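Novice: In the numbering used here, the protein residues as written are -11 to 469.
Glycine included, each C-beta is placed from N, C-alpha and C at the ideal position.
Treat the numbers as computed from the prediction; the structure is a model and nothing was measured.
Let me give you the structure first, and then I'll get to my questions.
Here's what the structure looks like:
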């Protein structure tokens, strides 16, 4: 995702490696500043500051929370244009990109790949890029930044509820000698990964780090197949993990995916059935859960006999509860009914067990609990028992989170990196490019590098047909020799 802004100020372009990030995860992006009438050194002289931060906001609906509320954004800049009914919940640390030291290694000239050669023969369709008439660092300023979002239970995901809206923005303030320009880049924040069951003991503040690399790409070394693709070739990506990744990612040892319990009639204190919930502890939009009921055989002793069951129905529902901003009054704003399943009436003498499937819709909301709104989901099971056909109701709370993508599953399987808060920061320098962590964001840096290479027009393309013609010509030349 890219956003650009052009005025009398220099041309500023924002690019995000991915338009979303997870709570407890990393958001990676790049900023490019250029101007045809100026060059890199003069840009640094003209720009006094370029400050960057990540912020979480809540916009309340006055119809649910009372009359118009004043804006609360004390954590932002003093001259930030405020909006009514807008509350700034949280901000990261603030960083001035103009104070960063330029990276003096991994320049484009140094990392330019060369074609592989065998003795007497060139192999591969890739050719080195044409010689640059200009030096890249004299044409633009380039910065790569990363936000490490904290694992905070009070930090909500991006949500568009009936009574309020939670959203995240990357805010930037560009100041020159004459003007001030504001930039606001939206980014979607998902729920924390299901693998994280407890918050970490780090300070609840996002760590913003950045690196200045005007002389080269964010990712220093890239393969030739990435930098110099062949047009007309179809690349098939391995999506094997995506087939079962939505469910295997939720098989967490600390959370029981299969929960069984015995149901007892509170009136007669006789057992009713054995109910088993499969996949109900953690759900995500598009997932499936199973409710299984087993009816054991009856005993000769009537005091130990299982009470007969004639009908079973179940559903997935939820509700959104508004908590008023001024007095804390709770009001139900919306009710959800996601899916239902029913079995019966049936003969209890002939049925030993039944299974009911429930599916969470793709547009279902995730579970949220904040000071202003609560969104809760539950599984309700109604059982008709006894000769008088009494109804027993069970309610099972469910947690709905965003699913993990295939590339997240692949990263978890392949990468073993050190958590950011476990790194020794005794001699940490935020302006030194050597302190910018890149181990856990390799794919994001590759995406941004390809984007920057395209913007700077330093990626030559070669069609598959022309490569075949050159290969045949080289083969004929070698035969003639």
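Give the DSSP-derived three-state secondary structure of residue 364 in the structure shown.
Specialist: strand
Novice: Once the 5 residues before and after residue 429 are set aside, which same chain residues still bring their CB inside 7 Å of it?
Specialist: Result list for residue 429: 14, 16 and 134, in chain order.
Novice: Note the first and the last residue of the continuous beta strand (DSSP E) segment covering residue 136.
Specialist: Residues 128 to 136.
Novice: Go through its chain and collect everything with a Cβ distance to residue 84's Cβ below 6 Å, but skip five positions before and after it.
Specialist: Within the same chain, residue 84 has close Cβ partners 37 and 39.
Novice: I need the boundaries of the beta strand (DSSP E) containing residue 306, first residue and last residue.
Specialist: Run containing residue 306: 297 to 311, per the beta strand (DSSP E) assignment.
Novice: When the Cβ atoms of the region 257 to 277 are set against those of the region 332 to 351, are three or more pairs found closer than 8 Å?
Specialist: yes
Novice: Apart from the five residues on each side of it in sequence, which residues of its chain come closer than 6 Å, Cβ to Cβ, to residue 251?
Specialist: Excluding positions up to five away in sequence, the list reads 260, 261 and 263.
Novice: Residue 17 by DSSP, collapsed to three states: which one?
Specialist: strand
Novice: Output the distance between the C-alpha atoms of residue 322 and residue 389, rounded to the nearest integer angstrom.
Specialist: The straight-line gap from Cα to Cα measures roughly 19 Å.
Novice: State buried or exposed for residue 328, treating a residue as buried only when at least 16 other CB atoms are found within 10 Å of its CB.
Specialist: exposed
Novice: Hey, residue 202 and residue 49: beta-carbon distance below 7 Å or not?
Specialist: no
Novice: Below 8 Å, can you find three or more Cβ-Cβ pairs linking the region 164 to 177 to the region -2 to 14?
Specialist: yes
Novice: Keeping to the same chain, check which residues put their C-beta closer than 8 Å to that of residue 234; ignore five residues upstream and five downstream.
Specialist: Low confidence applies here, because residue 234 scores a pLDDT of 43, under 50, leaving its location unreliable; read the following figure in that light. Annotation for residue 234: 272, 274, 275, 391 and 392 place their beta carbon closer than 8 Å to its own, counting only its chain and skipping 5 residues before and after.
Novice: Find the nearest neighbour of residue 355 within the set 331, 146 and 168, judged by alpha-carbon distance.
Specialist: Of the listed residues, the one whose Cα sits closest to residue 355 is 146.
Novice: Quick check on residue 93: does DSSP put it in helix, strand or coil?
Specialist: coil
Novice: Name the DSSP bridge partner or partners of residue 252?
Specialist: 259
Novice: On the three-state DSSP scale, how would you describe residue 280?
Specialist: strand
Novice: Grab me the residues of residue 206's own chain with a C-beta within less than 6 Å of its C-beta, minus the 5 sequence neighbours each way, in chain order.
Specialist: 132, 433, 436 and 437
Novice: Considering only residues of the same chain and omitting the five flanking positions on each side of residue 307, which have a CB-CB separation below 7 Å?
Specialist: So the qualifying residues of the chain are 320, 322, 323, 324 and 364.
Novice: Around the Cβ of residue 361, are there at least 16 other Cβ atoms within 10 angstroms (buried) or fewer (exposed)?
Specialist: buried
Novice: Residue 161 to residue 168, Cα distance in whole Å?
Specialist: 7 Å
Novice: Specify, as a first and last residue, the run of the alpha helix (DSSP H) that residue 431 falls within.
Specialist: The continuous alpha helix (DSSP H) containing residue 431 extends over residues 430 to 443.
Novice: Check for me: the alpha helix (DSSP H) holding residue 50 runs from which residue to which?
Specialist: For residue 50, the enclosing alpha helix (DSSP H) covers residues 50 to 53.
Novice: Going by C-alpha to C-alpha distance, which of 129, 33, 245 and 353 sits closest to residue 444?
Specialist: 129
Novice: Alpha carbon to alpha carbon, how far is residue 35 from residue 2? Give it in angstroms, no decimals.
Specialist: Using only the alpha carbons, I get a separation of about 17 Å.
Novice: Shortest alpha-carbon distance to residue 65 belongs to which of 420, 72, 440 and 159?
Specialist: 159
Novice: Enumerate in chain order the residues of its own chain whose CB-to-CB distance from residue 266 is below 6 Å, with the five nearest sequence positions on each side excluded.
Specialist: 246 and 278
Novice: Thinking just about the alpha-carbon of each residue, which of 79, 46, 92 and 91 is nearest to the one in residue 72?
Specialist: Looking at the Cα atoms, 46 is the closest of the given residues.
Novice: Kindly indicate which three-state DSSP category residue 181 falls into: helix, strand or coil?
Specialist: coil
Novice: According to the Cβ coordinates, are residue 284 and residue 336 closer than 7 Å?
Specialist: no
Novice: Between the Cα of residue 22 and the Cα atoms of 81, 258 and 127, which residue gives the shortest distance?
Specialist: 127
Novice: Apart from the five residues just before and just after residue 144, which ones in its own chain have a Cβ nearer than 7 Å to its Cβ?
Specialist: 154, 356 and 358
Novice: With a Cβ-Cβ cutoff of 7 Å, do residue 78 and residue 44 count as a contact?
Specialist: Yes, these two residues count as a Cβ contact at 7 Å.
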